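Engineer: Sharing a structure here in C-alpha cells format.
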Amino acid sequence: MEPLISICICTYNRPFIYECLMSLAALKVPNSFRLECVVVDNCKQQSGRVFVERAGEQLTIPVRYYVEPRKNICLARNLCVAHAKGQWITFIDDDELVAEDWLTQLMDAAIEFKASVVMGSVIASYPENTPKWIVDGDYFNRTLSPRGTEINVGATNNVLIYKDHLPQRQGPFDSDYGITGGGDTELFNTMHNQGRRIVTCPQAKVFETVEKKRLNADYLLKRSIRIGEVYARVFFKDKWRVNSLIGFIRAIFLTIVASALHAFARVTHAKGSFRYQLMQRANYGKVRYFLNVERIEIYGKHKEGQN
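For what it's worth, my numbering labels the leading residue of the sequence shown as 27, then goes sequentially.
Shown next, in the form of C-alpha cells:
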C-alpha cells in the first residue's frame, strides 16, 4: 500500500476547526503518499463534533473524530498518536490554515535531511484594531533558522514526525505538562537527546490570526513567565545538579539585569522597553521553577486552550 501521513489536530471549543479542516482540501499531496486526518476533541461536551463532521462530509481526505474528556492537552495529543495509522504524523493547531504546499515542503525536508522531525513556520496576522505596538513588535510570529538547521526543541503547531522514532514510553507526550503546556517542548528535546534529528523548514507554512483576547501586555507577560517555567522544567529536571544550579544563578542575574534595562528604557523612552520586560519575566519564570512556586496553567478547567 502507499505510505500514509496522518494529520493530527487537537481542538477545544473552537468553531474555527471547520475552516482549519477545509484548508486541507487544497493540499498538494507528496508523491506516492495518502492522507488521513485525526481530530481529538478535548471538550467532554464534544463542542467540535458538528464542525468536524461537516468538514469531513466535504473533504476527500478521511477524517476521524475522537474525544478525550479529561482536560489535558498532552492526553489529547497522545490519543491522536494512538489513532494515527500513518508512518508519518503531523500536528497543527485548530486555529490555523495550511498553505497548499505545506505538507510537500515538510516531507521534502524530512527526506533530504534524513530527519525524524521537521518544524515549519507559523505566520501570524492581526485582526483589525490590534494595538499598533503589538503589530510593530510582532510578538506572535515564530522566526525559524534557514531550512535544514538542526534544533533541539520543537512545537506541535506545525510539525512533521516519523512515528517510529517517537520515544518508547507511555504517551509519548508527558501528561504532567498537560495543564501548563510545554509537553511538546519536552517531547522533542527528549527525541533530540536520543539522537533523533530535528530540522527547520520555514518554507512549510501555516497561517494563524491571533485571537483578540491575547492582544494585550498581560497575556504576553504571563506567556513569558510560562515559557521560562517550561524551559527550566525541561532543561533543569534535576534541580540540584551543578549545571542546574548554574542555570538558577544565571536566571536570577538576568532577571535583575533585564529589570534594570526595562526601567532605564522606560525613563529614556528608548525602544525595546517591553522586550526587556518580556526577558525579565521569562527569567523570573525559571526562578519560580527552582523555588517551587505554583505553575501557571493555560489548559485548566475554566481556561480555553492557548499555545
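Note that CB positions come from ideal geometry on N, CA and C, so glycine has one too.
Predicted, not measured: the structure shown is a model, and the values here were computed from it.
Which value, in whole angstroms, describes the spacing of the CA atoms of residue 163 and residue 301?
Structural biologist: Translated into positions along the sequence shown, residue 163 becomes position 137. Translated into positions along the sequence shown, residue 301 becomes position 275. Straight-line Cα distance between these residues: approximately 9 angstroms.
Engineer: Counting only runs of 4+ residues fully inside the region 130-184, write out the alpha helix (DSSP H) ranges in chain order.
Structural biologist: 158-163
Engineer: With DSSP as the reference, identify every bridge partner of residue 123, one or two as the case may be.
Structural biologist: Position 97 of the sequence shown, counting from 1, holds the residue named residue 123. In DSSP, residue 123 forms a bridge with 233.
Engineer: Does the pairing of the region 228-242 with the region 148-158 give three or more beta-carbon distances under 8 angstroms?
Structural biologist: yes
Engineer: Just confirm the distance between the C-beta atoms of residue 11 and residue 182, as a whole number of angstroms; I'd bet it's less than 8 angstroms.
Structural biologist: For the chain, the structure presents residues 27 to 333; residue 11 sits outside this window and is missing.
Engineer: Could you give the uninterrupted runs of the alpha helix (DSSP H) lying entirely in the region 198-246, keeping only those of 4 residues or more?
Structural biologist: 209-219
Engineer: Which residue marks the beginning of the alpha helix (DSSP H) containing residue 61, and which one marks its end?
Structural biologist: One-based indexing of the sequence shown puts residue 61 at position 35. Looking at the DSSP string, residue 61 is not in any alpha helix (DSSP H); the run it does join, the beta strand (DSSP E), is 60-67.
Engineer: Could you check if residue 318 is buried or exposed, using at least 16 other CB atoms within 10 Å of its CB as the buried criterion?
Structural biologist: Indexing the sequence shown from 1 puts residue 318 at position 292. Classification of residue 318: exposed, given that the 10 Å Cβ count is below 16.
Engineer: Would you mind giving the Cβ-Cβ distance between residue 225 and residue 176, rounded to the nearest angstrom? I have them listed as a contact below 8 angstroms.
Structural biologist: The count along the sequence shown starts at 1 and reaches residue 225 at position 199. The count along the sequence shown starts at 1 and reaches residue 176 at position 150. About 6 angstroms separates the two Cβ atoms, so the contact holds.
Engineer: Say whether the region 125-134 touches the region 95-109, bearing in mind that this needs 3 or more beta-carbon pairs closer than 8 angstroms, one atom from each stretch.
Structural biologist: no
Engineer: Have a look at 50, 269, 270, 95 and flag the residue whose alpha-carbon is nearest the alpha-carbon of residue 72.
Structural biologist: By 1-based counting over the sequence shown, the position of residue 72 is 46. Closest option to residue 72, Cα to Cα, is 95.
Engineer: From this set, 46, 85, 39, 54, which residue's C-alpha is nearest residue 67's C-alpha?
Structural biologist: The residue given as residue 67 occupies position 41 in the sequence shown. Checking every option, the nearest Cα to that of residue 67 belongs to 39.
Engineer: Look at the alpha carbon of residue 51 and the alpha carbon of residue 292, and state the distance between them as a whole number of angstroms.
Structural biologist: Position 25 of the sequence shown, counted from the start, is the residue given in the question as residue 51. Position 266 of the sequence shown, counted from the start, is the residue given in the question as residue 292. So the alpha carbons of these two residues sit roughly 49 angstroms apart.
Engineer: How far does the beta strand (DSSP E) with residue 37 in it reach, from first residue to last?
Structural biologist: Here residue 37 refers to the residue found at position 11 when the sequence shown is read from its first residue. For residue 37, the enclosing beta strand (DSSP E) stretches over residues 30-37.
Engineer: Can you check which of these residues, 200, 148, 153, 121, is closest to residue 43 by C-alpha distance?
Structural biologist: One-based indexing of the sequence shown puts residue 43 at position 17. Ranking the options by Cα distance to residue 43, first place goes to 121.
Engineer: So residue 55 is in the beta strand (DSSP E); what residue range does that whole segment cover?
Structural biologist: Position 29 of the sequence shown, counted from the first residue, corresponds to residue 55. Counted as a single uninterrupted DSSP element, the stretch harbouring residue 55 is not any beta strand (DSSP E), since DSSP gives it neither H nor E.
Engineer: Taking Cβ positions, are residue 58 and residue 29 nearer each other than 8 angstroms?
Structural biologist: Numbered from 1 along the sequence shown, position 32 holds the residue referred to as residue 58. Numbered from 1 along the sequence shown, position 3 holds the residue referred to as residue 29. If you check the CB distance, residue 58 and residue 29 come in under 8 angstroms.
Engineer: Would you list the one or two residues that DSSP bridges to residue 92?
Structural biologist: Taking the first residue of the sequence shown as position 1, residue 92 is located at position 66. Partner(s): 66.
Engineer: Report yes or no: do three or more beta-carbon pairs, one from the region 303-312 and one from the region 273-287, lie closer than 8 angstroms?
Structural biologist: yes
Engineer: State the Cα-Cα distance for the pair residue 324 and residue 215, rounded to the nearest angstrom.
Structural biologist: Looking up residue 324 in the sequence shown gives position 298. Looking up residue 215 in the sequence shown gives position 189. Per the coordinates, the alpha-carbon of residue 324 lies some 21 angstroms from the alpha-carbon of residue 215.
Engineer: So residue 150 and residue 234 are supposed to be a Cβ contact under 8 angstroms. How far apart are they, rounded?
Structural biologist: If you number the sequence shown from 1, residue 150 lands on position 124. If you number the sequence shown from 1, residue 234 lands on position 208. Yes, they are in contact, since the Cβ atoms of residue 150 and residue 234 sit about 5 angstroms apart, within 8 angstroms.
Engineer: Where does residue 325 fall in DSSP's three states?
Structural biologist: Sequence index remark: in the sequence shown, residue 325 carries index 299 (1-based). Coil at residue 325, not helix or strand.
Engineer: Based on the DSSP secondary-structure assignment, which residues constitute the bridge partners of residue 272?
Structural biologist: Translated into the one-based positions of the sequence shown, residue 272 becomes position 246. In DSSP, residue 272 forms no bridge with anything.
Engineer: Assuming the contact rule is C-beta atoms closer than 8 angstroms, residue 144 and residue 185 should be a hit. Round their C-beta distance to whole Å, please.
Structural biologist: Position 118 of the sequence shown, counted from the start, is the residue given in the question as residue 144. Position 159 of the sequence shown, counted from the start, is the residue given in the question as residue 185. So it is a contact: roughly 7 angstroms between Cβ atoms.
Engineer: In this structure, how does DSSP classify residue 316 when only helix, strand and coil are distinguished?
Structural biologist: Taking the sequence shown and counting its residues from 1, the one referred to as residue 316 is at position 290. Helix at residue 316.
Engineer: Could you tell me whether the Cβ atoms of residue 32 and residue 110 are closer together than 8 angstroms?
Structural biologist: Along the sequence shown, one-based indexing puts residue 32 at 6. Along the sequence shown, one-based indexing puts residue 110 at 84. Contact flag set, yes.
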